[in-house]
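Inspection log for the structure reproduced underneath, given as C-alpha cells.
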Amino acid sequence: MKLAYDPSMFRDNMSFHEMIEKTARLGYKYIELSPRQDFIWFYQYPKVNSAMIKNVKIWLRDAGVELSSVLPVQQWSSPDEQERQAAVRNMKRTIEITSELGVDTLNTEFSGDKFNPVASEGQWYKSMEELIPEFEKNNIKLEIQAHPNDFIESSSEAAKLIRSLDLDWVSQVWCSAHAFYSDGGIGDVTKQLRESQDVLTHILIADTLNYKSNFGLRYIINPPEAPVTIHQHLNPGEGEVDFDAMYKTLNEIGFDGIVTNNVFAWPDRVDWSNEQTLPSIKQGLHLD
Numbered sequence: 001m002k003l004a005y006d007p008s009m010f011r012d013n014m015s016f017h018e019m020i021e022k023t024a025r026l027g028y029k030y031i032e033l034s035p036r037q038d039f040i041w042f043y044q045y046p047k048v049n050s051a052m053i054k055n056v057k058i059w060l061r062d063a064g065v066e067l068s069s070v071l072p073v074q075q076w077s078s079p080d081e082q083e084r085q086a087a088v089r090n091m092k093r094t095i096e097i098t099s100e101l102g103v104d105t106l107n108t109e110f111s112g113d114k115f116n117p118v119a120s121e122g123q124w125y126k127s128m129e130e131l132i133p134e135f136e137k138n139n140i141k142l143e144i145q146a147h148p149n150d151f152i153e154s155s156s157e158a159a160k161l162i163r164s165l166d167l168d169w170v171s172q173v174w175c176s177a178h179a180f181y182s183d184g185g186i187g188d189v190t191k192q193l194r195e196s197q198d199v200l201t202h203i204l205i206a207d208t209l210n211y212k213s214n215f216g217l218r219y220i221i222n223p224p225e226a227p228v229t230i231h232q233h234l235n236p237g238e239g240e241v242d243f244d245a246m247y248k249t250l251n252e253i254g255f256d257g258i259v260t261n262n263v264f265a266w267p268d269r270v271d272w273s274n275e276q277t278l279p280s281i282k283q284g285l286h287l288d
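By full-length UniProt numbering, the letter at position 243 of the sequence shown is numbered 243, and the numbering carries on one by one without gaps.
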C-alpha cells in the first residue's frame, strides 16, 4: 500500500521544490501530483519542459519522496467537440510527462456535463479510443473517479464504465469526501466500496457533510435550489462520513492500492490538519 499526500493546500504559496520538501516533513513517502499552475493545471496544456522534469526528479530523490501518481483534470468528456479535442491533446502530453517522470500511474476524473450525460459518455469513449494507444505505448496505468458535477457521480456507475473497457490497466479512484454523491445522498461507504472492489485501486481520504441531509440545513444556498454542486474535504471526524465502516471495509476486502490524504479545507493550518488526518489513516488501515 502507498500512503500519499495531495499538496493542494499549499500549491499556491510554495514553489515545486518547497512543496516536495514540505510533504516529506509532514511524514509522507509519496506525493499525488495534483494540478499546479507551473506544471499541469486544470483544463490547460501542461506548462513544463524537460529541464523542469529533470529538476523535479532531483528534488524528489534528495527529499526521499516519490510520486504515487500524476493527476490531471481535463474536459475529455465534453459534449463540445473542440473542447474535447483540446483535452485529448493536453492528456497526451500529460501521459508523456508522467512517463518522463518515471511514474507508472495517472489518475483523473470523468468530467463532462452532468446535465448532458449521454453525450458526455459518448465523448468519453471517443477520447478513450484515442488515448488507449498512448497509455499502452508509455506503460501508464489509468485510474478514474466519478467526481461531483461530472457526467457520472455514482461510484457504482463509474465502475460499470471502467469494466466496459475490459482493460486490466484501467481502474477506479474512490473518494470518501464524495460519498454522499456516490449513492444519491445515502453515503453508504460499505456498499460503495464493495460494489467497486474488483476495479478499485486508489482511495482519497477526506470528510464532508451530507449535502442531502433530511434536515435541509447543512447548507444554505441563495437562491434556493440553485444548480450548484457542494461538498467539502475536511479532516476525518469533522463531517458525516462513516470512517469506522470505511476502514473496516477496506481491511476486509484487502485493499492494497494508493491511499491519499485528500483534505483541502485547512490551507492556513496545514500541519494541524495533517496531525488530525494522518493518525486516522494509519490507525484505520493498520499502517506502521
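Don't be surprised by glycine CBs; every beta carbon is placed ideally from N, CA and C.
In this text the structure is predicted, and so the values were computed from the model without any measurement.
Return yes when the Cβ of residue j is within less than 8 Å of the Cβ of residue i, no when it is not.
i, j, result
"Ile58", "Leu101", "no"
"residue 324", "Arg84", "Because the chain here runs from 1 to 288, residue 324 falls outside it and cannot be looked at."
"Ala177", "Asp207", "yes"
"Ser120", "Ala159", "no"
If I'm right that residue i touches residue j with Cβ under 8 Å, what's the distance once you round it to whole angstroms?
i, j, result
"Leu60", "Leu106", "Contact flag wrong, Cβ pair sits at about 17 Å."
"Leu3", "Tyr45", "Leu3 to Tyr45, Cβ: 31 Å. No contact."
"Gln172", "Ile186", "Wrong, their Cβ atoms sit about 19 Å apart, outside the cutoff."
"Val228", "Ile221", "6 Å"
"Asp242", "Val189", "6 Å"
Within 10 angstroms of the Cβ of residue i, are there 16 or more other Cβ atoms? Answer buried if so, exposed if not.
i, result
"Phe42", "exposed"
"Gln145", "buried"
"Gln74", "buried"
"Gly239", "buried"
"Ala51", "exposed"
"Asn139", "exposed"
"Gly112", "buried"
"Val263", "buried"
"Met1", "exposed"
"Trp174", "buried"
"Asn274", "buried"
"Gln37", "exposed"
"Ile230", "exposed"
May I ask you to check if the CB of residue i is nearer than 7 Å to at least one heavy atom of the ligand NAD?
i, result
"Glu136", "No copy of the ligand NAD appears in this structure; indeed no ligand is present at all."
Mapping DSSP to helix, strand and coil, what is residue i?
i, result
"Phe31", "According to the sequence provided, residue 31 is Ile. The question's Phe does not apply to it. In this structure, Ile31 counts as strand in the three-state DSSP scheme."
"Trp174", "strand"
"Asp38", "coil"
"Thr260", "strand"
"Lys2", "strand"
"Asn235", "coil"
"Val189", "helix"
### Query
How about the segment 31-40 and the segment 275-286: do they share at least three Cβ pairs that are nearer than 8 Å?
no
### Message
Any contact between the segment 251-262 and the segment 10-25? By contact I mean 3 or more CB pairs, one from each, below 8 Å.
### Response
no
### Inter-stretch contact at 8 Å, needing at least 3 Cβ pairs: the segment 167-185 / the segment 4-13
no
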